[in-house]
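J.: Have a look at this one.
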Ligand SMILES: NC(=O)c1ccc[n+]([C@@H]2O[C@H](COP(=O)([O-])OP(=O)(O)OC[C@H]3O[C@@H](n4cnc5c(N)ncnc54)[C@H](O)[C@@H]3O)[C@@H](O)[C@H]2O)c1
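Numbering (this note's numbering), first residue to last: 40 to 288.
Listed below in structure tokens is the structure:
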């Protein structure tokens, strides 16, 4: 008996990084997974190798597309047990005064409006008492440092939305989020325009994390699976740090 046998799970941003690991984790524990991403090819490739999954192409900032995603999940699997609002984007680092207003608005739409839209689209299809909505915020949303200020502000909004919405939805549906520290995903490329951190920056990042390494997609997927599981049935409004102790300091 797996923890998520027969459960219907949507994961956005599932074509890469954390989202792929989250989709794989739920699938490995028995769930049917909607592999949702703006990257249609990437979503199809991930869905193809999971035992029970369907790809779905979505811009998470778009209302109609969120409604269509929820409808597709219900048509395929009859309900939505876990909504994982993981898709998100950073911006080029050290950038606030140079950032274009349109880029700021687009980033907030992808990182914050998406959670609001996913909730509106999915909650009506989520069984009461056993379902949960989980999103990916960031430890930068609690403990910002220079360099990613508008991004960190969007994640602070995601954290606050999680806590407020959890209070609104209890006891019907649990609402939680995860707050990862830096991880080597495609995110690095988007913040720096390079695939890997320079050795100096890598060391600076490691020095700030007491556990001595960056997060992995599996760390984040494990936290999602725990928050969605019955073992976490009393947890709502939790913003779980997956940060190797980074926020202690
Ligand atoms: N990697 C890190 O250091 C880190 C740390 C903390 C939080 N996060 C957050 O984790 C989440 C996942 O990021 P990641 O590190 O896996 O990055 P990633 O770039 O590897 O994956 C992000 C995925 O989201 C998809 N996406 C982007 N815009 C989208 C849109 N409008 N609609 C649908 N899909 C879209 C991308 O196509 C990609 O597949 C994001 O919310 C990010 O802000 C990342």
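Glycine is no exception: its CB is placed at the ideal position from the N, C-alpha and C atoms.
Predicted model, so just to flag it, every value in this text is computed and none were measured.
Determine the burial state of residue 41: buried for a count of at least 16 other Cβ atoms within 10 Å of its Cβ, exposed for fewer.
T.: In the chain shown, the residue the question calls residue 41 occupies position 2. Residue 41 comes out exposed.
J.: Is the beta carbon of residue 95 sitting closer than 8 Å to the one on residue 73?
T.: Indexing the chain shown from 1 puts residue 95 at position 56. Indexing the chain shown from 1 puts residue 73 at position 34. The answer is yes: Cβ separation under 8 Å.
J.: For ligand 1, I want to know if residue 66 counts as a neighbour, meaning its beta carbon is within less than 7 Å of at least one of the ligand's heavy atoms.
T.: Position 27 of the chain shown holds residue 66. For ligand 1, not one heavy atom lies less than 7 Å from the Cβ of residue 66.
J.: DSSP on residue 255, reduced to helix/strand/coil?
T.: One-based indexing of the chain shown puts residue 255 at position 216. If DSSP states are grouped into helix, strand and coil, residue 255 belongs with coil.
J.: Could you give the DSSP three-state label for residue 162: helix, strand or coil?
T.: Sequence index remark: in the chain shown, residue 162 carries index 123 (1-based). Correct three-state label for residue 162: helix.
J.: Is residue 236 helix, strand or coil when you go by DSSP?
T.: What you label residue 236 is simply residue 197 of the chain shown in a count that begins at 1. Coil, per DSSP.
J.: Considering only the beta carbon of each residue, do residue 108 and residue 66 sit closer than 8 Å?
T.: Taking the first residue of the chain shown as position 1, residue 108 is located at position 69. Taking the first residue of the chain shown as position 1, residue 66 is located at position 27. No, they are not a contact pair.
J.: Quick check on this structure: which residue in 188, 218, 124 has the alpha carbon closest to the alpha carbon of residue 133?
T.: For the purposes of this step, residue 133 is identified with residue 94 of the chain shown, where counting begins at 1. With distances taken between Cα atoms, residue 133 lies closest to 188.
J.: Give me the Cα-Cα distance between residue 285 and residue 232, rounded to the nearest whole angstrom.
T.: Residue mapping note: residue 285 aligns to position 246 of the chain shown, counting from 1. Residue mapping note: residue 232 aligns to position 193 of the chain shown, counting from 1. Residue 285 and residue 232: Cα-Cα distance of roughly 24 Å.
J.: Under three-state DSSP, which class holds residue 76?
T.: In the chain shown, residue 76 corresponds to position 37, counting from 1. Three-state DSSP puts residue 76 in a strand.
J.: Name the residue from 275, 158, 243 whose alpha carbon lies nearest to the alpha carbon of residue 122.
T.: What you label residue 122 is simply residue 83 of the chain shown in a count that begins at 1. Selected option, being the one with the closest Cα: 158.
J.: Report yes or no: do three or more beta-carbon pairs, one from the segment 203 to 214 and one from the segment 236 to 250, lie closer than 8 Å?
T.: Touching, no.
J.: Could you tell me if the beta carbon of residue 255 falls within a distance shorter than 7 Å of some heavy atom in ligand 1?
T.: In the chain shown, residue 255 corresponds to position 216, counting from 1. No, Cβ of residue 255 sits at least 7 Å from all heavy atoms of ligand 1.
J.: If we call anything under 8 Å between Cβ atoms a contact, is residue 150 one with residue 193?
T.: Working through the chain shown from its first residue, we reach residue 150 at position 111. Working through the chain shown from its first residue, we reach residue 193 at position 154. Yes. Within cutoff.
J.: Which residue's Cα is closest to the Cα of residue 113: 205, 163, 127?
T.: For this step, residue 113 is matched to residue 74 along the chain shown. Answer by Cα proximity: 163.
J.: Does at least one heavy atom of ligand 1 sit under 7 Å from the Cβ of residue 57?
T.: Numbered from 1 along the chain shown, position 18 holds the residue referred to as residue 57. Yes; taking the cut-off as 7 Å, the Cβ of residue 57 has a heavy atom of ligand 1 nearer than that.
J.: In the DSSP assignment, find the beta strand (DSSP E) that holds residue 35 and state where it starts and stops.
T.: This structure cannot speak to residue 35, because the chain is shown only from 40 to 288.
J.: Output needed for residue 46: all residues of its chain with C-beta closer than 6 Å, excluding positions within five of it in sequence on either side, in chain order.
T.: Along the chain shown, one-based indexing puts residue 46 at 7. These residues qualify, in order along the chain: 70, 120.
J.: Mind checking whether the beta-carbon of residue 50 lies closer than 7 Å to any heavy atom of ligand 1?
T.: Against the chain shown, residue 50 aligns to sequence position 11. Not so, every heavy atom of ligand 1 lies at least 7 Å from the Cβ.
J.: For residue 141, count neighbouring Cβ atoms within 10 angstroms of its own Cβ and tell me buried if that reaches 16, exposed if not.
T.: For this step, residue 141 is matched to residue 102 along the chain shown. With fewer than 16 Cβ atoms within 10 Å of its Cβ, residue 141 is classed as exposed.
J.: Does the segment 123 to 131 come close enough to the segment 165 to 180 to have 3 or more Cβ pairs within less than 8 Å?
T.: A contact exists between the segment 123 to 131 and the segment 165 to 180.
J.: Which runs of the alpha helix (DSSP H) spanning at least 4 residues fall entirely within the segment 52 to 127, listed in chain order?
T.: You should have 56 to 67, 79 to 87, 102 to 116.
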